[in-house]
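**Q**
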Amino acid sequence: MNAAQRWLVGVLGAALLSACGGAPEPAKDPAQALREALLSAEPGSTVTIPEGHFTFDRSLSLGVNGVTLKGAGQDKSVLDFAGQLAGAEGLLVAAEDVTLEGFAVLDAKGDAIKMNQCKNLVVRGVRTEWTGGPKSTNGAYGLYPVQCDGVLIEDSIAIGASDAGIYVGQSTNIVVRRNQVAFNVAGIEIENSTQADVYENTVVDNTGGILVFDLPDLPVQGGRQTRVFHNTVAHNNTANFAPEGNIVGTVPAGSGIMVNSNDDIEIFENTITDHQTAAVLVVSYLITGRPLDDPNYDPFPEQISIHHNTIEKSGYDPDSEPLMALKTAAQLPALPAIIWDGFVRSEQEGPVVCAHDNGELGTVALDAPNGFAAPDFSGAAFACTREALPPVALGGAE
Amino acid sequence: MKTAGLLALLALLVGCGPSGPVREGPWPERLSELAVLAQENGTLAPRAGFAYTLAHPLFSDYAWKYRTISLPEGGAASVVTNDDTLAFPVGTIITKTFAFPQGASGAVRTVAAEPLASPSAAFSLEGTRLMETRVLRHTAAGWEAVSYQWNEAGTEAFYAPAGALVALTTEGGERFPYLIPDKNQCAGCHETAMGTKILKPIGPKPGNLAAHAFADGGSQFEAWRDGEWVAAAAPATPWAAPGSGMAAEAHAYLDANCAHCHSDTGAADTAGLDLRITASELGRGRCKTPVAAGRGSGGRAYDVWPGRPEASILPFRLGHRDPGIMMPELGRSLVHEEGVALVEAWISAMDGDCAASLSL
Numbered sequence: 001m002n003a004a005q006r007w008l009v010g011v012l013g014a015a016l017l018s019a020c021g022g023a024p025e026p027a028k029d030p031a032q033a034l035r036e037a038l039l040s041a042e043p044g045s046t047v048t049i050p051e052g053h054f055t056f057d058r059s060l061s062l063g064v065n066g067v068t069l070k071g072a073g074q075d076k077s078v079l080d081f082a083g084q085l086a087g088a089e090g091l092l093v094a095a096e097d098v099t100l101e102g103f104a105v106l107d108a109k110g111d112a113i114k115m116n117q118c119k120n121l122v123v124r125g126v127r128t129e130w131t132g133g134p135k136s137t138n139g140a141y142g143l144y145p146v147q148c149d150g151v152l153i154e155d156s157i158a159i160g161a162s163d164a165g166i167y168v169g170q171s172t173n174i175v176v177r178r179n180q181v182a183f184n185v186a187g188i189e190i191e192n193s194t195q196a197d198v199y200e201n202t203v204v205d206n207t208g209g210i211l212v213f214d215l216p217d218l219p220v221q222g223g224r225q226t227r228v229f230h231n232t233v234a235h236n237n238t239a240n241f242a243p244e245g246n247i248v249g250t251v252p253a254g255s256g257i258m259v260n261s262n263d264d265i266e267i268f269e270n271t272i273t274d275h276q277t278a279a280v281l282v283v284s285y286l287i288t289g290r291p292l293d294d295p296n297y298d299p300f301p302e303q304i305s306i307h308h309n310t311i312e313k314s315g316y317d318p319d320s321e322p323l324m325a326l327k328t329a330a331q332l333p334a335l336p337a338i339i340w341d342g343f344v345r346s347e348q349e350g351p352v353v354c355a356h357d358n359g360e361l362g363t364v365a366l367d368a369p370n371g372f373a374a375p376d377f378s379g380a381a382f383a384c385t386r387e388a389l390p391p392v393a394l395g396g397a398e
Numbered sequence: 001m002k003t004a005g006l007l008a009l010l011a012l013l014v015g016c017g018p019s020g021p022v023r024e025g026p027w028p029e030r031l032s033e034l035a036v037l038a039q040e041n042g043t044l045a046p047r048a049g050f051a052y053t054l055a056h057p058l059f060s061d062y063a064w065k066y067r068t069i070s071l072p073e074g075g076a077a078s079v080v081t082n083d084d085t086l087a088f089p090v091g092t093i094i095t096k097t098f099a100f101p102q103g104a105s106g107a108v109r110t111v112a113a114e115p116l117a118s119p120s121a122a123f124s125l126e127g128t129r130l131m132e133t134r135v136l137r138h139t140a141a142g143w144e145a146v147s148y149q150w151n152e153a154g155t156e157a158f159y160a161p162a163g164a165l166v167a168l169t170t171e172g173g174e175r176f177p178y179l180i181p182d183k184n185q186c187a188g189c190h191e192t193a194m195g196t197k198i199l200k201p202i203g204p205k206p207g208n209l210a211a212h213a214f215a216d217g218g219s220q221f222e223a224w225r226d227g228e229w230v231a232a233a234a235p236a237t238p239w240a241a242p243g244s245g246m247a248a249e250a251h252a253y254l255d256a257n258c259a260h261c262h263s264d265t266g267a268a269d270t271a272g273l274d275l276r277i278t279a280s281e282l283g284r285g286r287c288k289t290p291v292a293a294g295r296g297s298g299g300r301a302y303d304v305w306p307g308r309p310e311a312s313i314l315p316f317r318l319g320h321r322d323p324g325i326m327m328p329e330l331g332r333s334l335v336h337e338e339g340v341a342l343v344e345a346w347i348s349a350m351d352g353d354c355a356a357s358l359s360l
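Listed in order, the protein sequences are those of chains A and B. Under the working numbering, residue 398 is the last one in the first sequence; the count climbs by one each step, no gaps. Under the working numbering, residue 360 is the last one in the second sequence; the count climbs by one each step, no gaps.
Below is the structure:
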């Protein structure tokens, strides 16, 4: 078809529409207008959300690459899903080079904002919240990128998720910074992911503050190389309200920073205050007692470095039967601040966890593989240092 | 497009009546202008092409479905594998019309439809409420998907890229929102390899087509071969017959209802649960602990716990109506009781056990 024919077809097509008449255009409410703007967005365009409180009965979704979705602020442009009848998330993003900025998603029935298989994602100044306080009937995740390459989450707020407030799963090249994260089961969780920097976040009143996990039976494994630094992690003692059966349901209340089976983790220069179980917990997936059928999975944490953290008040009322038994048996007012379960692979050479310059609250290696028979409070298991990990380079996103 | 196409458009313009199916270009505002379905004498019938059915359909709140395919002239589908969707030529249009049988009060009846008798069988509209017609169109740029929403009178359906929720009530007095998917939600299921932005049909897989026999006793897949709508040298191996009560029937049910997301490439590959008919028992969730299930775990430890459906997550999520818990995530508001029973029976009959779990 040549250009003239294309033009003719276009003209005829337009004439056809006007001749036969389209559906009558009903007046649109702003929520419907936003849905349609997301559906018809052009690549590279900006979709704006006006100031206001907008209610939705079903999910929103964005499937166009390069779109910026921009509101007037995380307390000004509010997308309210309390009356949601359909859809497993408030907003679903399935596109690359997307920026979400300046709005809030409240009371979604499932996840608040899920971002599946993204690249170069930016989330800036976004709030996800369940407004009824911490409850097991709240949705699982607040900000939930999964299988993404290039994730920047900054200056955002995540409150009330029954799993994790900010959850980055099966992704690479991640920066999570300057966020405020409270009253979730897990505040921030980096799971089965590689190369993450988690810094300058304020993480308070969750069950567990910052979690770095590697789990089996997932398509993306081998989580490693995460730096957790310059965060304020305080009184994450909220009783675990995760629905039973979930892995975060096993997190003891009062866990400041927790590493599960991940490798190459550096935890430094954080302020970690008031945690009833432990300031820092390092465990193997084996401690969960769950079966392990996945031959590709490495359940042992390795090359963990914990240094120069400011730690106060820890381990005074551990939310864990074996830890409470240990505290009682050892006749201690509080357990040491840094706890490692003691699982090592048979061919392991040298220490698993290095810890130094973390104040006076001490360490313990639990000897969990032998039924907690010979816990070591001497610090010998932690006496080593490691080279600093390199920072994450995000490319254009920063 | 050749001159013939222009003339066809010109004819359309003059008479406002449909000629051939609109296989390319902008979506018409009205379904009748797409010219693939004919509504006459109280029935819906293929205007171009033929009707088909699936032995194992996707459950959609007990809605009755009338499916048609219009192939471009001289075109035929080809078999990829027995268990994967047929490859259709460019120009193909697939439609699926959703309707509910209605009682006198206007309440919808949640009963099974009569099986499709033949490829030319029309769909009787008597006593039914038409909801929507979902259309898949294979253009030169790839498959496109959108739904047309019927007006309440059931006289015309209109292009509905933003979808809708329609409040319905069952004869039992249960109120439920019926979802007409928006364009992205269409893609959410039909983009079977997440991230590719490539849509494809989900339903018409040879094994599923072949598991249906028409009124004359012949296999649907054989009818396709006879009609030269599919280019296949060998017959398809039918999936387990509905009602056979075997594990294979549950596998077919899970494929039809779940595998567009729960595969090695689908939107749910993040969960590591594979519900394709070709999956292994481990892939299908045997003793698999939940990862990102949230409330969907229902306090249960494993996706599938052999012998213990009451402790397995899979039937819990299939049996739930809360959008934050239920599976599939989208496309139903009611529970498919028969489907849940089938999955529970499959798990009950399964040998083996999972370990009781502990924690720190």
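Don't be surprised by glycine CBs; every beta carbon is placed ideally from N, CA and C. Remember, it's a predicted structure, so these values are computed and weren't measured experimentally.
#1: The alpha helix (DSSP H) spanning N184(B) covers which residue range?
#2: Thinking C-alpha only, which one of E174(B), A250(B), E24(B) and T128(B) is nearest W346(B)?
#3: Closest Cβ-Cβ distance between V122(A) and chain B: below 9 Å?
#4: If you measure beta-carbon to beta-carbon, which residues of the stretch 184-195 of chain B are closer than 9 Å to chain A?
#5: Based on DSSP bridge pairs, tell me the residues matched to I265(A).
#6: Roughly how many angstroms separate the alpha carbons of R47(B) and G169(A), rounded to a whole number?
#7: Just the Cα atoms here: how many angstroms apart are I313(B) and Q147(A)?
#8: Applying a beta-carbon distance threshold of less than 7 Å, which residues of chain A neighbour L165(B)?
#9: Could you pull the start and end residues of the alpha helix (DSSP H) that I347(B) belongs to?
#10: Do Y297(A) and Q221(A) have their C-beta atoms within less than 9 Å of each other?
#11: So which residues on chain A does P290(B) lean against when the C-beta distance must stay under 8 Å?
#12: By Cβ distance, which residues of its chain are closer than 6 Å to P26(A), with the 5 residues on each side in sequence left out?
#13: When the Cα atoms are used, what is the spatial distance from A37(A) to T46(A)?
#14: Please look up how many angstroms separate the CB atoms of N184(A) and G150(A), rounded, as I've assumed it's under 8 Å.
#15: When we look at the beta-carbon of C287(B) and count the other beta-carbons within 10 Å, is it buried (16 or more) or exposed?
#16: Around the Cβ of C384(A), are there at least 16 other Cβ atoms within 10 angstroms (buried) or fewer (exposed)?
#17: Roughly how far, in whole angstroms, is the beta-carbon of G66(A) from the beta-carbon of D111(A), given that I think they are within contact range, below 8 Å?
#18: Under 8 Å, with one C-beta from each stretch per pair, do the stretch 327-347 of chain B and the stretch 181-191 of chain B reach the 3-pair mark?
#19: Kindly examine the ligand SAH and report whether one of its heavy atoms sits closer than 8 Å to the Cβ of I347(B).
#20: Distance check for L106(A) and P369(A), CA to CA, integer angstroms please.
#21: So with Cβ pairs under 9 Å, would you call N238(A) a contact of chain B?
#22: From the DSSP secondary-structure annotation, give me the bridge partner or partners of A52(A).
#23: Less than 9 Å between the beta carbons of V283(A) and F372(A), yes or no?
#24: Taking the CB atoms as reference points, tell me whether P243(A) and G296(B) lie closer together than 9 Å.
#25: To test your reading of the DSSP string, which unbroken alpha helix (DSSP H) runs of 4 or more residues are found completely within the stretch 60-142 of chain A?
#26: Using a Cβ cut-off of 9 Å (strictly closer), state whether C258(B) contacts chain A.
#27: How many angstroms separate the CA atom of F377(A) from the CA atom of A278(A)?
#28: With a threshold of 9 Å between beta carbons, is G169(A) in contact with chain B?
#29: Are three or more beta carbon pairs between the stretch 233-243 of chain A and the stretch 187-206 of chain A nearer than 8 Å?
#30: So that I know if they touch, is there some Cβ in chain A lying closer than 9 Å to that of A293(B)?
#31: Might you give, ordered along the chain, the residues of its own chain that have their beta carbon closer than 7 Å to the beta carbon of I210(A), omitting 5 neighbours on each side?
#32: Between G299(B) and A311(B), what straight-line distance do the alpha-carbon atoms span, to the nearest angstrom?
#33: Taking 7 Å as the limit between beta carbons, can you name the residues of its chain near N240(A), skipping five residues before and five after?
#34: Compute the distance between the beta-carbons of W143(B) and L130(B), then report whether it is under 9 Å.
#35: Under 9 Å, Cβ to Cβ, is there at least one residue of chain B near N438(A)?
#36: Could you check the C-alpha separation between P24(A) and A33(A) for me, to the nearest Å?
**A** Taking the definition as stated:
#1: Indexing the second sequence from 1 puts residue 184(B) at position 184. Unbroken alpha helix (DSSP H) run through N184(B): K183 to H190.
#2: Locating residue 346(B) in the second sequence gives position 346, where the first residue counts as 1. Per the Cα distances, A250(B).
#3: Your numbering for residue 122(A) matches position 122 in the first sequence. No, because no Cβ of chain B sits closer than 9 Å to the Cβ of V122(A).
#4: N184, Q185, A187, G188, E191, M194 and G195
#5: Reading the first sequence from its first residue, position 265 is the one you call residue 265(A). Beta-bridge pairing links I265(A) to T226(A) and I304(A).
#6: To locate residue 47(B), count along the second sequence from 1; it is residue 47. To locate residue 169(A), count along the first sequence from 1; it is residue 169. Straight-line Cα distance between these residues: approximately 48 Å.
#7: Locating residue 313(B) in the second sequence gives position 313, where the first residue counts as 1. Locating residue 147(A) in the first sequence gives position 147, where the first residue counts as 1. Going by the C-alpha atoms only, they are around 23 Å apart.
#8: As a working mapping, residue 165(B) is identified with position 165 in the second sequence. Per Cβ cutoff of 7 Å: D57, R58, L85 and A86.
#9: To locate residue 347(B), count along the second sequence from 1; it is residue 347. Run containing I347(B): E337 to S348, per the alpha helix (DSSP H) assignment.
#10: Sequence index remark: in the first sequence, residue 297(A) carries index 297 (1-based). Sequence index remark: in the first sequence, residue 221(A) carries index 221 (1-based). Yes; because the gap between Cβ atoms is below 9 Å, this pair is in contact.
#11: Translated into positions along the second sequence, residue 290(B) becomes position 290. Under the 8 Å cutoff, chain A gives G245, N246 and I247.
#12: Your numbering for residue 26(A) matches position 26 in the first sequence. For P26(A), the predicted model reports a pLDDT of 49, less than 50, meaning its position is unreliable; a value from the coordinates is still stated below. Excluding positions up to five away in sequence, the list is empty.
#13: The residue labelled residue 37(A) in the question sits at position 37 within the first sequence. The residue labelled residue 46(A) in the question sits at position 46 within the first sequence. Rounded to whole angstroms, A37(A) to T46(A) spans 10 Å at the Cα level.
#14: The residue given as residue 184(A) occupies position 184 in the first sequence. The residue given as residue 150(A) occupies position 150 in the first sequence. Actually they are not in contact, since the Cβ atoms of N184(A) and G150(A) sit about 24 Å apart, beyond 8 Å.
#15: Sequence index remark: in the second sequence, residue 287(B) carries index 287 (1-based). Buried, because 16 or more other Cβ atoms sit within 10 Å of the Cβ of C287(B).
#16: Here residue 384(A) refers to the residue found at position 384 of the first sequence. Result: exposed.
#17: Mapped onto the first sequence, residue 66(A) falls at position 66. Mapped onto the first sequence, residue 111(A) falls at position 111. Wrong, their Cβ atoms sit about 23 Å apart, outside the cutoff.
#18: yes
#19: The ligand SAH is not among the ligands present in this structure, which contains no ligands whatsoever.
#20: Here residue 369(A) is taken as the residue at index 369 of the first sequence, counted from 1. Here residue 106(A) is taken as the residue at index 106 of the first sequence, counted from 1. When rounded, the distance between both Cα atoms is 43 Å.
#21: In the first sequence, counting from the first residue as 1, residue 238(A) sits at position 238. Asn is not the amino acid found at residue 238(A); the sequence shown has Thr there. Cβ-Cβ to chain B under 9 Å: no for T238(A).
#22: Indexing the first sequence from 1 puts residue 52(A) at position 52. A small fix is needed here, since residue 52(A) is Gly in this sequence, not Ala. According to DSSP, which records beta bridges pairwise, G52(A) is partnered with S77(A).
#23: By 1-based counting over the first sequence, the position of residue 283(A) is 283. By 1-based counting over the first sequence, the position of residue 372(A) is 372. For V283(A) and F372(A), no; Cβs fall outside 9 Å.
#24: Counted from its first residue, the first sequence places residue 243(A) at position 243. Counted from its first residue, the second sequence places residue 296(B) at position 296. Yes, the pair counts as a contact, with Cβ atoms nearer than the cut-off.
#25: none
#26: Mapped onto the second sequence, residue 258(B) falls at position 258. Taking Cβ atoms only, chain A never reaches closer than 9 Å to C258(B), which makes this a no.
#27: Here residue 377(A) refers to the residue found at position 377 of the first sequence. Here residue 278(A) refers to the residue found at position 278 of the first sequence. Approximately 14 Å between the Cα atoms of the pair.
#28: As a working note, residue 169(A) is residue 169 in the first sequence. Answer yes: the Cβ-Cβ gap between G169(A) and chain B drops below 9 Å somewhere.
#29: yes
#30: Numbered from its first residue, the second sequence carries residue 293(B) at position 293. By this cut-off, A293(B) is an interface position.
#31: Along the first sequence, read from residue 1 onward, the residue named residue 210(A) stands at position 210. Around I210(A): G187, I188, V198, V203, V228, N231, V233 and I257.
#32: Along the second sequence, read from residue 1 onward, the residue named residue 299(B) stands at position 299. Along the second sequence, read from residue 1 onward, the residue named residue 311(B) stands at position 311. Going from the Cα of G299(B) to the Cα of A311(B) covers about 9 Å.
#33: If you number the first sequence from 1, residue 240(A) lands on position 240. Result list for N240(A): V185, T207, G249, V251 and A253, in chain order.
#34: Counted from its first residue, the second sequence places residue 143(B) at position 143. Counted from its first residue, the second sequence places residue 130(B) at position 130. Going by C-beta atoms, W143(B) is not nearer than 9 Å to L130(B).
#35: Summary: the structure shown does not reach residue 438(A), with chain A confined to residues 1 through 398, and so no result is reported for it.
#36: For the purposes of this step, residue 24(A) is identified with residue 24 of the first sequence, where counting begins at 1. For the purposes of this step, residue 33(A) is identified with residue 33 of the first sequence, where counting begins at 1. Reliability fails at P24(A), whose pLDDT of 46 lies under 50, so the model's placement of it is uncertain and no value is given.
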